[in-house]
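Colleague: I have a structure I would like to understand better, so I am pasting it below and will then ask my questions one at a time.
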Amino acid sequence: MNDEEDEIYPGRESSTAEQKNSSSSGSGGFQSIVKRIQLAARISQQGNQHGDCYDEDAKLNTYLKQSKLAIRRKSRRSGSIFPLPTPTTPLSGQLNTIQESPFELEQSRPSFNLGEIHFLHKDHQYDFKPFVTIEPHITSNDLSRILLDEWQLEMPKIVTLIVTGRSQHSRWKNEKQIKNFQIGIAKAAMSTNMWILTNAVNGGVTSYVCSAIEREYQKSKLKSRLYQQVNPFHLIGIAHENDLIHGRKLCYIENALVSNVLFYCICLHSFFIFVQNLLNIENTGCNDGHRFELNPDHTHFIVLKNFPYNNDFIKKLIDLFTIKDHTEHSESSKNPDENNADTPFVSILIDGEPENIQLVLQLIKKRIPVVVLQGSGGMADIVSYAYTRIMNSFVDSLDTDYVDKNVKPLLDKKIIQQFNELEADSRNNERDRICQQVIECVRLTKQHRRQDGREYL
Numbered sequence: 096m097n098d099e100e101d102e103i104y105p106g107r108e109s110s111t112a113e114q115k116n117s118s119s120s121g122s123g124g125f126q127s128i129v130k131r132i133q134l135a136a137r138i139s140q141q142g143n144q145h146g147d148c149y150d151e152d153a154k155l156n157t158y159l160k161q162s163k164l165a166i167r168r169k170s171r172r173s174g175s176i177f178p179l180p181t182p183t184t185p186l187s188g189q190l191n192t193i194q195e196s197p198f199e200l201e202q203s204r205p206s207f208n209l210g211e212i213h214f215l216h217k218d219h220q221y222d223f224k225p226f227v228t229i230e231p232h233i234t235s236n237d238l239s240r241i242l243l244d245e246w247q248l249e250m251p252k253i254v255t256l257i258v259t260g261r262s263q264h265s266r267w268k269n270e271k272q273i274k275n276f277q278i279g280i281a282k283a284a285m286s287t288n289m290w291i292l293t294n295a296v297n298g299g300v301t302s303y304v305c306s307a308i309e310r311e312y313q314k315s316k317l318k319s320r321l322y323q324q325v326n327p328f329h330l331i332g333i334a335h336e337n338d339l340i341h342g343r344k345l346c347y348i349e350n351a352l353v354s355n356v357l358f359y360c361i362c363l364h365s366f367f368i369f370v371q372n373l374l375n376i377e378n379t380g381c382n383d384g385h386r387f388e389l390n391p392d393h394t395h396f397i398v399l400k401n402f403p404y405n406n407d408f409i410k411k412l413i414d415l416f417t418i419k420d421h422t423e424h425s426e427s428s429k430n431p432d433e434n435n436a437d438t439p440f441v442s443i444l445i446d447g448e449p450e451n452i453q454l455v456l457q458l459i460k461k462r463i464p465v466v467v468l469q470g471s472g473g474m475a476d477i478v479s480y481a482y483t484r485i486m487n488s489f490v491d492s493l494d495t496d497y498v499d500k501n502v503k504p505l506l507d508k509k510i511i512q513q514f515n516e517l518e519a520d521s522r523n524n525e526r527d528r529i530c531q532q533v534i535e536c537v538r539l540t541k542q543h544r545r546q547d548g549r550e551y552l
């Protein structure tokens, strides 16, 4: 592989070279996270250079300029919004919004519920943070309307998903690694129009991410007074109602249309009005081990209501940024491994619980690059170990017998080391399932590399 290819494909250093980073110091280490995210994004986006691709940039810029004409007025307490009619987006297959009358929109309202959160704190005055509760039957059109129209977010250059556990306590103990990672992710967030997606938890790895970006943002605001305007960041927390202490408050408050909506619709034709819920929340630092508080440093929150699994929404969100599902069409496509993601989607596995491996496997199946931070503990260290053992042992296909006899027993021990609660004999089946999913992640990565020469892990 030539030097140019080594630069494009960052997956190798995300697992094998990460061990070097875990002990490195100075300007090295995880400060390279900016470059890693950008390189992984290039992998996610390279499919656009092949096949029947067309230039959407001009159309997208036109759409964004039109959307900025929308008038957004907020009352002091209700958060009412008076938007102009949404311009028809030129994008085909990506974040498709639709023109609907206010009456049609009212019929689709049960699938989501808008509002704002006011975090109460004696030492700090937080801004009002928009939130939305979402039902499983929400359509892609409604979801894109929330992100682009209601929240007025610009289309991102990169979407970065932080995959980690919900625990308030992280296994990641290396202070130097944590500091370097925070520097890297904060610079990436402030230098690029990036959406960063987290699990919204007020603790653990999520707090490392949120606090680092918030500090960098405040420093940039101070500098902007002397030099130039600071770019905003978009830190979106996504959590299931059952995982949040205030989940029921967020999901079961009424969000009714104002009684005079008909007047606005008839007299102003194109205008419609929503009254958003306003919910006051005070974090006390208490949790029962299963439900957690929201981290107030996020800019937006998405609360999942009645979703069987959080991963179901993540897959729906990924599909918003994908023209066509290449996993379903890979067999019939002329270029079977072509990745058609217009907006690069990148994920970072840090620490992580056993439940996270299923999401990592789904991401790799969809050819979403997963950057694994070895040394952060949890599932990240287990995946890194399996990657090193298997990738270094087989050039082509995996030897199933060798994996079963030599790799799986060692993986089983690693799982018990990281997750003591799985040590009991009654959890053998669960450990075996985790082993199979980890091995499948590495197998698919190896398969994708043979097919398109790119690294996804």
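Numbering (my numbering), first residue to last: 96 to 552. Even glycine gets a Cβ: it sits at the ideal position worked out from N, Cα and C. This one's a predicted model, so the numbers in the text were calculated from it and none came from an experiment.
Going by C-alpha distance, which of LYS316, LEU292, PHE396, LEU468 is nearest HIS341?
Modeller: It is PHE396.
Colleague: For LYS224, name the three-state secondary structure that DSSP assigns.
Modeller: The answer is strand: DSSP assigns LYS224 an E or B state.
Colleague: Secondary structure at SER235, three-state DSSP: helix, strand or coil?
Modeller: SER235 falls in the helix class under three-state DSSP.
Colleague: If we count the other Cβ atoms within 10 Å of its Cβ and call it buried at 16 or more, is HIS393 buried or exposed?
Modeller: Its Cβ being crowded by 16 or more others within 10 Å, HIS393 is buried.
Colleague: Leaving out five residues on either side along the sequence, give the residues of the same chain with a beta carbon under 6 Å from the beta carbon of GLY472.
Modeller: The answer, listed in chain order, is ARG266, TRP267, ASP446.
Colleague: From the DSSP output, which residues share a beta bridge with MET474?
Modeller: Paired residues: none, contrary to the question.
Colleague: Using a Cβ-Cβ cut-off of 8 Å, state whether PRO439 counts as contacting chain D.
Modeller: Among the chains of the structure shown, chain D does not appear; only one protein chain is present.
Colleague: Can you tell me where the alpha helix (DSSP H) with MET285 in it begins and where it stops?
Modeller: From DSSP, the alpha helix (DSSP H) with MET285 extends over 270-286.
Colleague: Could you give the DSSP three-state label for THR495: helix, strand or coil?
Modeller: THR495: helix per DSSP, three-state reduction.
Colleague: Which whole-angstrom value is the C-beta distance of ASN378 and VAL296, which I expect to be below 8 Å?
Modeller: At roughly 11 Å, the Cβ-Cβ gap does not stay under 8 Å, so ASN378 and VAL296 are not in contact.
Colleague: Measure the CB-CB distance between CYS530 and ASP507 and report whether it falls below 8 Å.
Modeller: Result yes, Cβ atoms of CYS530 and ASP507 sit closer than 8 Å.
Colleague: Less than 8 Å between the CB atoms is what I'm expecting for LEU243 and VAL227, so what's the real figure, rounded?
Modeller: So it is not a contact: roughly 13 Å between Cβ atoms.
Colleague: How far does the alpha helix (DSSP H) with LEU506 in it extend, from its first residue to its last?
Modeller: Residues 503-513.
Colleague: Is it right to say THR495 is buried, meaning 16 or more other beta carbons lie within 10 angstroms of its own, or is it exposed?
Modeller: By the neighbour-count rule (16 or more Cβ atoms within 10 Å), THR495 is not buried but exposed.
Colleague: Inspect the CB distances between the region 501-515 and the region 480-492 and report whether three or more fall short of 8 Å.
Modeller: Cβ pair count under 8 Å is three or more, so yes.
Colleague: Indicate the three-state DSSP secondary structure (helix, strand or coil) for MET250 in the structure shown.
Modeller: The answer is coil: DSSP assigns MET250 none of H, G, I, E or B.
Colleague: Using C-beta distances below 7 Å, list every residue in its chain close to GLN144, excluding the 5 sequence neighbours before and after it, in chain order.
Modeller: For GLN144, the predicted model reports a pLDDT of 47, less than 50, meaning its position is unreliable and no value from the coordinates is stated.
Colleague: Could you name the residues of the same chain whose beta carbon sits closer than 7 Å to that of ILE253, not counting the 5 residues immediately before and after it, in chain order?
Modeller: For ILE253, where only same-chain residues beyond five positions count, the Cβ hits under 7 Å are ILE132, ALA136, THR287, MET289, PRO439, VAL441.
Colleague: Considering only their Cβ atoms, is the gap separating ILE291 from ALA284 smaller than 8 Å?
Modeller: Yes.
Colleague: Between ILE485, GLU245, ILE257, ASN326, which has its C-alpha nearest PHE276's C-alpha?
Modeller: Nearest C-alpha to PHE276: ILE257.
Colleague: Ordered along the chain, which non-local residues of its own chain (more than five positions away) have a Cβ less than 7 Å from that of SER302?
Modeller: Closer than 7 Å at Cβ, skipping near neighbours: ASN390.
Colleague: Should CYS381 go down as buried or exposed, given a rule of 16 or more other Cβ atoms within 10 Å for buried?
Modeller: Exposed, since its Cβ has fewer than 16 Cβ neighbours within 10 Å.
Colleague: Whose C-alpha, out of TYR347, ILE510, ASN515, ASP407, is nearest the C-alpha of ASP527?
Modeller: Among TYR347, ILE510, ASN515, ASP407, the Cα nearest to that of ASP527 is on ILE510.
Colleague: Beta-carbon separation of ASN405 and LEU399 under 8 Å?
Modeller: Closer than 8 Å, so yes.
Colleague: Any idea what DSSP makes of SER442, helix, strand or coil?
Modeller: Correct three-state label for SER442: strand.
Colleague: Please state whether DSSP places GLY342 in a helix, a strand or coil.
Modeller: GLY342: helix per DSSP, three-state reduction.
Colleague: From this set, ASN524, THR259, PRO231, ILE229, which residue's C-alpha is nearest ASP476's C-alpha?
Modeller: The residue with the shortest Cα to Cα distance from ASP476 is THR259.
Colleague: Would you mind giving the Cβ-Cβ distance between PHE402 and HIS335, rounded to the nearest angstrom? I have them listed as a contact below 8 Å.
Modeller: Confirmed, about 6 Å.
Colleague: Between the Cα of PHE408 and those of LEU339, GLU388, ILE229, spot the shortest distance and give me the residue it belongs to.
Modeller: Per the Cα distances, ILE229.
Colleague: Given ARG386, which residues of its chain have a CB within under 8 Å of its CB, disregarding the five upstream and five downstream residues?
Modeller: Answer for ARG386: ASN337, ASP338, LEU339, ILE340, GLY342, listed in chain order.
Colleague: Once DSSP output is grouped into helix, strand and coil, what is the label at HIS335?
Modeller: In the structure shown, HIS335 sits in a strand (DSSP, three-state: E or B).
Colleague: Which residue's Cα is closest to the Cα of PHE214: VAL455, LYS316, LEU374?
Modeller: Checking every option, the nearest Cα to that of PHE214 belongs to LEU374.
Colleague: Grouping DSSP H, G and I as helix and E and B as strand, with all else coil, what is THR255?
Modeller: Of the three classes helix, strand and coil, the one that applies to THR255 here is strand, per DSSP.
Colleague: Select from LYS500, SER492, LEU248, LYS410 the residue whose C-alpha is nearest the C-alpha of ILE459.
Modeller: When only C-alpha atoms are compared, the closest one is LYS410.
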